[in-house]
Amino acid sequence: MKEKDEIKILFDRLQDDFDFESPEQNHQERFLEKLNQSRGVVAIPPKKRNWLRPLSIAASLVLLCLLGIQFFGNQATIKEQVVEIAPEVTKTEFYFASLIEEQVQELKNEKSPETAQLVDDTLLQLNKLEGDYQKLEQDLLKGGNSKIILNAMIINFQTRIDLLKEVLNNIEDIKNLKSNNDANFTI
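If you want it as structure tokens, here you go:
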């Protein structure tokens, strides 16, 4: 028991002399460095990180991505591919398309309550014919018999033009019939 009392007395006497502060930052590293120097051991400083290699890898990846986008992103449109296969299609398509567009605009201008259903049905049929034309373009690109497909493309355009002419004639007949009926009722 006496021993415990002596330790207690010792701790009571040294109570204010205890060091409660934390060591400075990197204390252990400095201590080990001094210890190694006293033993004659030379510490090799840590190797600095070389950023050249990761940056070159990143630059290579970016370059590969850009080349991939350039190669795969610039595929020709269907129209451009069709022109490569059959250059004469461009001139024919331009002629027919402008003629059809002109007649479609005329058809839209002729729309009235009496002809609305006829105009709407015609526009729907024209959209179906346009879809058929796009399928023909796909068939041409797939390597089908180009003469037959080109002929079908021209027939498609002619069908659209004939449809528009017929509908415009029907609209003209409806207008004439209405004006005749209106003239008969005039007093």
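Once you know that position 163 of the sequence shown is 163 in my numbering, the rest is easy, because the numbers rise by one and skip nothing. Backbone N, C-alpha and C fix where the C-beta goes; we use that ideal spot for every residue, glycine too.
For residue i versus residue j, is the C-beta spacing smaller than 7 Å?
i: valine 119; j: leucine 129; result: no
i: leucine 136; j: isoleucine 155; result: no
i: leucine 164; j: glutamine 103; result: yes
i: threonine 122; j: valine 167; result: yes
Taking residue i as the reference, give the member of the options with the closest Cα.
i: arginine 160; options: Glu172, Asn109 and Asp132; result: Asp132
i: methionine 153; options: Gly143, Asp162 and Gln134; result: Gln134
i: leucine 99; options: Asp162, Gln28, Pro23 and Ile7; result: Asp162
i: serine 112; options: Lys175, Arg30 and His27; result: Lys175
I think residue i touches residue j, with their Cβ atoms under 8 Å apart; what is that distance to the nearest whole Å?
i: isoleucine 171; j: glutamate 110; result: 5 Å
i: lysine 178; j: glutamate 114; result: 7 Å
Mapping DSSP to helix, strand and coil, what is residue i?
i: threonine 115; result: coil
i: asparagine 26; result: coil
i: glutamate 101; result: helix
i: phenylalanine 20; result: coil
i: glycine 68; result: helix
i: glutamate 106; result: helix
i: asparagine 145; result: coil
i: glycine 131; result: helix
i: asparagine 50; result: coil
Which same chain residues, not among the five before or five after residue i, have their C-beta less than 6 Å away from its C-beta?
i: aspartate 139; result: Ile149
i: phenylalanine 96; result: Phe157
To which residues of the same chain is residue i closer than 8 Å at the C-beta, ignoring the five residues directly before and after it?
i: glutamine 117; result: none
At a cut-off of 6 Å, is residue i close to the ligand SAH when judged by its beta-carbon and the heavy atoms of the ligand?
i: leucine 67; result: This structure lacks the ligand SAH, and indeed carries no ligand of any kind.
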